[in-house]
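Going by this note's numbering, the first residue of the sequence shown is number 191, and it counts up by one from there.
Here the structure is laid out as structure tokens; the discussion comes afterwards.
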Amino acid sequence: MPPKFAIAAASPEPLVLDRVTKRYGQGTPVFDGLSVTFEPGTITGLVGPNGSGKTTLLRLLTALSYPTSGTVRYGSLDVHAHPHGYLQHVGVVHDRTGLPEYLSAEELLEWVLRAREQWDAGAPERIGALLDAVRLDERRENLIGTYSSGMRRKAQWAAALVAAPAVLLMDEPFRGLDTASSAAALNLLRGFKAAGGIVVVSSHQHDALDALVDRTLDLGKG
């Protein structure tokens, strides 16, 4: 059964790109008038060759980059006009495993919950269950700076899921994970999708995701 912490927010909203254009300087647009809706309860895989805009799109969806024109909305909320309100609903796994090295995995998850005002008496138990679920069962009390790349990736997954987001945005989330850990991560995505969450993911591990992805968005097409 999917663990309780993986359940999406009670009322997930669609995530919408409305005629989004993204251009760097005077160059050719990465996207030109892109419109797409990511519906609750779906997983969308981003595909396309290197340079087609997969990471750029994820940066737009995480409010790390602004569109040149057009809007990105979560429900009625303009993502770039109100990034703090939007990001309260979002969990992110970046391609690079940059995490605060002076915290342990347990402390990192506590920090996320406190930052989102979700800390309560049951939080330590939920943190333990989530770290079990991502198979971070070794040295979870040690500083992240001592972790291997695979352990850091597991900590990223846990940090993305711990606050029960409605949206998961993921760039190469399986990189560094062994076979058993990848299977555990896929199980978490399966539960997240079933609970009504939105997943947008870029990954070269298509075989692992094929059974879960509802559609692909090919950014390499014209």
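Each residue gets a CB set at the ideal place from its N, CA and C atoms; glycine is no exception.
Tell me residue i's beta-bridge partners as DSSP assigns them.
i: Ile388; result: Thr232, Val357
i: Asp268; result: Arg263
i: Leu224; result: Val210
i: Leu205; result: Phe228, Tyr264
i: Arg405; result: Thr234
i: Gly423; result: Past the edges of the chain, shown from 191 to 412, lies residue 423, and the structure says nothing about it.
i: Ser294; result: Leu333
Contact defined as beta carbons within less than 8 Å: I believe residue i pairs with residue j. What is the distance between those atoms, to the nearest angstrom?
i: Pro257; j: Glu229; result: Rounded, the Cβ-Cβ distance is 21 Å, inconsistent with contact.
i: Leu250; j: Val262; result: 6 Å
i: Asp208; j: Gly275; result: Not confirmed; about 18 Å, so no contact.
Closest to residue i by C-alpha separation, out of the options, would be which residue?
i: Leu254; options: His394, Asp368, Leu359; result: Leu359
i: Leu317; options: Ile334, Thr245, Leu351; result: Residue 317 is actually Ile in this sequence, not Leu. The residue with the shortest Cα to Cα distance from Ile317 is Leu351.
i: Leu407; options: Gly223, Gly235, Met341; result: Gly235
i: Arg342; options: Asp404, Leu299, Ala295; result: Ala295
i: Arg325; options: Thr252, Ile334, Trp347, Gly335; result: Trp347
i: Tyr264; options: Lys383, Val237, Pro202, Pro363; result: Pro202
i: Leu418; options: Ser266, Ala374, His279; result: The requested residue 418 does not occur in the structure, where the chain is confined to residues 191 to 412.
i: Asp322; options: Ala345, Arg405, Asp310; result: Ala345
i: Gly243; options: Leu267, Thr218, Val269, Ser372; result: Thr218
i: Glu291; options: Ala313, Asn332, Asp368, Asp310; result: Asn332
Go ahead and label residue i buried or exposed: buried means 16 or more other beta carbons lie within 10 angstroms of its beta carbon, across all protein chains shown.
i: Gly241; result: exposed
i: Gly281; result: buried
i: Ala196; result: Residue placement at Ala196 is flagged as unreliable, the pLDDT there being 47, under the threshold of 50; the coordinate-derived value follows with that caveat. With 16 or more Cβ atoms within 10 Å of its Cβ, Ala196 is classed as buried.
i: Tyr337; result: buried
i: His394; result: exposed
i: Asp327; result: exposed
i: Ala354; result: buried
i: Met191; result: Note that Met191 scores 41 on pLDDT, short of 50, meaning its location in the model is unreliable and no value can be drawn from it.
i: Ser232; result: Strictly speaking, residue 232 in this sequence is Thr, with Ser absent from that position. Thr232 is buried by the Cβ-count criterion.
i: Ala401; result: exposed
i: Ala385; result: buried
i: Ala349; result: buried
i: Ala356; result: buried
i: Ser371; result: buried
i: Gly288; result: exposed
i: Pro239; result: exposed
*What alpha helix (DSSP H) runs, 4 residues minimum, are completely inside the segment 312-366?*
The segment 312-366 is shown to contain whole alpha helix (DSSP H) runs of 4 or more residues at 313-323, 339-351, in chain order.
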